[in-house]
Each structure stands twice: as C-alpha cells, then as structure tokens.
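> Okay, so the sequence shown: first residue is 488 according to the numbering used here, each after it adds one.
Glycine included, C-beta positions come from ideal geometry on N, C-alpha and C.
All values derive from a computational prediction rather than experimental measurement.
Pasting a structure below so you can have a look.
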Amino acid sequence: MNGGYGWMELRQLRAFERVVALGSFSRAADELALSQPAVTAQIQGLERELRVRLLERLPRHVLPTAAGEALLPYARSILNLEEDARRALEELKGLQAGTLRVGASPTIGSYLLPALLGELKRRHPGVRAIAEIRPTHDVAAGLETHALDVGLVEAPVDSAALSSQPFRNDELVLIVPSGHPWSRRSAVRPEELAGQPLIVREPGSGTRQLVEERLRALGVEVTPSLELGAIEAIKNAVAAGLGVAFISRLAVQPEQRLGILCAVSVEGLDLRRPFYRLLHRQRRPSPAVAAFLDVLAEASE
C-alpha cells in the first residue's frame with residue numbers, strides 16, 4: 488500500500504459516490520437502503536483511510552472538496568468495474584438470477600411499468616426488479632451515473648451519454664371535475680385556459696414541459712395555481728374543484744369510467760407525444776436488461 492494508505496472498501500466508495508451525486512447524506516441513505524448514520528460512518532471511514540477530507544458539509548447541501556473531486560472519477564470507474572464483473576457472472580448463470588434497475592417517470596411508472604415487470608417476472612422468476620419513479624431529468628441522471636439500467640420517460644432527453652428510442656405513443660388531455668361547466672363541452676378555446684386555475688406537475692416533468700411548449704406556440708401563457716408532484720394528487724385536486732390539469736389519457740381512464748373526471752379537448756392544441764426508452768451508450772445490456780427490452784418491444788407492437 489503506497490504512502491501508508493489503508494484499503495478503500497467498495498461500500499465506502501459507493502456511499503461516497505452516491506452522496507456526491509445526490510448532494511445529500513439522507514438521500515444517499517434512502518437510495519442505498521441504509522440509515523443516515525451508516526452512510527456517515529462509511530464516509531468517515533474512507534476519509535480516515537485516505538487521511539483527507541472528501542466532502543464539504545454545507546447547511547443544505549454536500550459538495551466534494553478538491554480531494555473529493557479528484558477521487559470521484561476513480562470511484563465511479565471502480566464501481567462500474569464491479570458492476571461489470573457481477574454482470575459477467577450473471578451471464579454465466581443465464582437468467583436464473585440477475586438484477587434490473589429501471590427508472591420511470593410517473594405516468595409510465597404508475598400505469599405501464601407494473602404490467603411490464605409482471606410479464607418479465609412471469610418469464611424469468613429469478614430476476615430481481617428494482618423500479619424507481621422519478622421525474623424525467625432524474626431518470627436521465629440515474630442512467631448517466633449508472634445507478635439505473637433502463638429509463639422510460641415522457642419527454643426527449645438531451646444527453647450525449649444516452650441513447651433514446653420511442654417505444655409507445657401517448658396523448659395528454661385536459662381534465663375537469665364532473666360538475667365543471669366545461670364537462671358538458673367537447674372542446675374549449677385555448678384562450679379560455681387563461682381564466683382557469685391550472686394545476687401542474689413539478690419542474691422537470693416531461694408532461695409539464697410539453698404542455699407549456701405547446702400552449703406557448705399558440706400564444707397562450709398560463710400561470711400555475713398549484714404545483715403537485717404526484718399524478719394521483721393532481722387528479723384528487725381537480726376532483727375537489729381546485730383547478731384543471733393536463734395529464735395522460737392513460738391516467739384518467741378509471742375516473743372517467745366512474746364519472747368523477749371528464750376529459751376535454753382544446754381547439755388547435757396537439758398534445759400527442761411518444762414515450763422514450765433510455766439506455767447508456769457505453770454499457771452492454773445484461774441478460775436481465777435484454778430480457779426486459781424484449782418484453783418492452785413486444786408490448787409496443
């Protein structure tokens with residue numbers, strides 16, 4: 488061991504990489520399924536072994552020090568090599584084992600992904616599937632840092648590291664509560680939206696991005712009255728009369744059948760969109776990932 492340094496453990500490097508990537512000990516602990524004190528202990532142990540401070544602990548954020556910045560690319564290379572070694576061994580076992588880590592934006596994660604994973608498990612019961620429901624930009628970030636194997640998102644992603652391919656078409660619709668005056672109309676004019684409280688998803692949402700772009704193209708500027716991060720919360724808010732919202736047609740079908748919500752067209756507003764499958768360009772799919780991609784391709788036909 489050169490220079491008297493101790494050994495660096497994989498678990499220490501993994502904790503360090505996740506804290507830097509997420510900027511938070513608590514978020515890293517959640518992702519690693521550890522307690523926050525356990526993550527802190529891993530970082531402190533690594534700092535003791537290397538005899539250098541790796542992280543700057545700010546009141547609301549964590550940043551790498553100069554030493555941490557220097558270590559980060561090596562830590563990621565080591566962790567990627569470990570993952571490659573695991574994948575090579577999985578390939579020798581076939582699909583009796585293996586892990587799939589898939590990230591999906593909320594509409595896909597709630598209304599499409601469960602059936603896809605169910606079919607994967609039916610074909611390959613030994614595969615362990617881990618699903619994470621995140622906004623589109625967070626899914627892309629997870630692919631870029633190798634925290635995820637596959638991404639399914641609602642908007643195109645601008646990343647040189649990722650390949651993107653449409654896998655299914657979708658359409659956004661305007662939803663109103665059943666007692667709303669618009670519930671008896673087949674369509675409304677775009678300018679009428681300016682007089683309605685609009686409930687939207689969080690910044691970074693593919694749904695919100697598309698709606699804002701298409702409305703702007705029609706010369707309509709709307710100011711959101713309420714911002715919610717979950718589709719079910721948006722539907723409940725609309726049903727309670729707090730405003731109107733745009734969501735996927737997939738998401739509103741149960742409430743339409745029950746007569747709770749109504750879908751209304753907006754004249755001249757085309758809200759059709761593809762869903763996209765994301766992969767990292769530099770990673771070869773493991774057998775578990777390849778099997779999931781087969782399921783996805785068949786479901787898209």
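When the Cα of Ser712 is compared with those of Leu659, His767, Glu785 and Val725, which residue comes out closest?
By one-based count along the sequence shown, residue 712 stands at place 225. Selected option, being the one with the closest Cα: Val725.
> Leaving out five residues before and five after Gln652 in sequence, what residues of the same chain have Cβ atoms less than 7 Å from its Cβ?
As a position in the sequence shown, residue 652 is number 165, starting the count at 1. Excluding positions up to five away in sequence, the list reads Tyr763 and Arg764.
> Quick check: is the beta carbon of Phe512 nearer than 7 Å to any beta carbon in chain B?
Included in the structure is just one protein chain, with no chain B present.
> By how many angstroms is the C-alpha of Leu566 removed from the C-alpha of Leu630?
As a first step, residue 630 is located in the sequence shown; it is residue number 143 there, counting from the start. As a first step, residue 566 is located in the sequence shown; it is residue number 79 there, counting from the start. For Leu630 and Leu566, the distance between alpha carbons rounds to 14 Å.
> Would the beta-carbon of Gly613 fall within 7 Å of that of Gln583?
As a working mapping, residue 613 is identified with position 126 in the sequence shown. As a working mapping, residue 583 is identified with position 96 in the sequence shown. Yes, they are a contact pair.
> Would you kindly report the start and end of the unbroken beta strand (DSSP E) that includes Glu742?
Here residue 742 is taken as the residue at index 255 of the sequence shown, counted from 1. Looking at the DSSP string, Glu742 is not in any beta strand (DSSP E); the run it does join, the alpha helix (DSSP H), is Arg736 to Leu745.
> For Pro593, I'd like the list of residues in its chain whose CB is within less than 6 Å of its CB, leaving aside the five on either flank, ordered along the chain.
By one-based count along the sequence shown, residue 593 stands at place 106. Result list for Pro593: Ile620 and Ile718, in chain order.
> Report yes if the CB atom of Leu587 is closer than 7 Å to the CB atom of Ala557, and no otherwise.
Taking the sequence shown and counting its residues from 1, one reaches residue 587 at position 100. Taking the sequence shown and counting its residues from 1, one reaches residue 557 at position 70. Between Leu587 and Ala557, the C-beta spacing is not below 7 Å.
> In chain order, what are the residue ranges of uninterrupted alpha helix (DSSP H) at least 4 long that sit wholly in the stretch 550–602?
553–580 and 593–598
> I need the straight-line Cα distance from Val660 to Trp669, nearest angstrom please.
On the sequence shown, residue 660 is found 173 positions in, with the first residue counted as 1. On the sequence shown, residue 669 is found 182 positions in, with the first residue counted as 1. Looking at the two C-alpha atoms, the distance is approximately 13 Å.
> Determine the closest residue to Arg770 out of Ala572, Asp781, Val507 and Leu756, with distance taken between C-alpha atoms.
By one-based count along the sequence shown, residue 770 stands at place 283. Looking at the Cα atoms, Ala572 is the closest of the given residues.
> Taking 8 Å as the threshold, find out whether the stretch 743–762 comes into contact with the stretch 546–555 through three or more Cβ pairs.
no
> I'd like to check one pair, Val698 with Phe733: are the Cβ atoms closer than 7 Å?
Here residue 733 corresponds to residue number 246 of the sequence shown, with the count starting at 1. Here residue 698 corresponds to residue number 211 of the sequence shown, with the count starting at 1. In this structure, Val698 lies closer than 7 Å to Phe733 by Cβ.
> If you reduce the DSSP assignment to three classes, tell me which class Pro677 lands in.
Residue numbering aside, residue 677 sits at position 190 when the sequence shown is read from its first letter. Residue state, collapsed to three classes: helix.
> Quick test of your reading: Leu705 and Gly755, contact by CB under 8 Å. State the CB separation rounded to the nearest angstrom.
In the sequence shown, residue 705 corresponds to position 218, counting from 1. In the sequence shown, residue 755 corresponds to position 268, counting from 1. Contact holds; Cβ gap of about 6 Å.
> For the alpha helix (DSSP H) that Arg498 lies in, which residues bound it at each end?
Numbered from 1 along the sequence shown, position 11 holds the residue referred to as residue 498. From DSSP, the alpha helix (DSSP H) with Arg498 extends over Leu497 to Leu509.
> So, is Arg676 buried or exposed, given that buried needs 16 or more other C-beta atoms within 10 angstroms?
Translated into positions along the sequence shown, residue 676 becomes position 189. Exposed.
> Have a look at Ser513, Phe503, Leu521 and Ser564 and flag the residue whose alpha-carbon is nearest the alpha-carbon of Ile530.
As a first step, residue 530 must be located in the sequence shown, where it is residue number 43. Comparing alpha-carbon positions, the option among Ser513, Phe503, Leu521 and Ser564 lying closest to Ile530 turns out to be Phe503.
> What are the boundary residues of the alpha helix (DSSP H) that Val614 is part of?
Numbered from its first residue, the sequence shown carries residue 614 at position 127. In the DSSP annotation of this structure, Val614 is not part of any alpha helix (DSSP H), being labelled neither H nor E.
> Does the distance from the C-beta atom of Ser787 to that of Arg695 stay below 7 Å?
Within the sequence shown, residue 787 is the residue found at index 300, counting from 1. Within the sequence shown, residue 695 is the residue found at index 208, counting from 1. No, they are not a contact pair.
> Using 6 Å as the cut-off, classify the Cβ of Ala557 as near or not near the heavy atoms of the ligand ATP, replying yes or no.
In the structure on display, the ligand ATP does not appear, and there are no ligands present to speak of.
> What number of angstroms, rounded off, separates the C-alpha of Val768 from the C-alpha of Asp657?
Working through the sequence shown from its first residue, we reach residue 768 at position 281. Working through the sequence shown from its first residue, we reach residue 657 at position 170. Note on identity: in this sequence residue 768 is Arg, with Val being the wrong assignment. Distance between the alpha carbons of Arg768 and Asp657: 25 Å.
> Quick check on Val637: does DSSP put it in helix, strand or coil?
Position 150 of the sequence shown, counted from the first residue, corresponds to residue 637. Residue state, collapsed to three classes: strand.
> Please check the pair Leu635 and Val589, which I expect to be a contact at CB under 8 Å, by giving their CB distance rounded to whole angstroms.
The residue labelled residue 635 in the question sits at position 148 within the sequence shown. The residue labelled residue 589 in the question sits at position 102 within the sequence shown. The Cβ separation is near 7 Å, so the contact holds.
> Output the distance between the C-alpha atoms of Phe779 and Leu603, rounded to the nearest integer angstrom.
Translated into the one-based positions of the sequence shown, residue 779 becomes position 292. Translated into the one-based positions of the sequence shown, residue 603 becomes position 116. Going from the Cα of Phe779 to the Cα of Leu603 covers about 8 Å.
> Rounded to whole angstroms, what is the Cα-Cα separation between Arg798 and Pro690?
Residue 798 cannot be examined here, being either before or after the span of the chain that is shown, 488 to 788.
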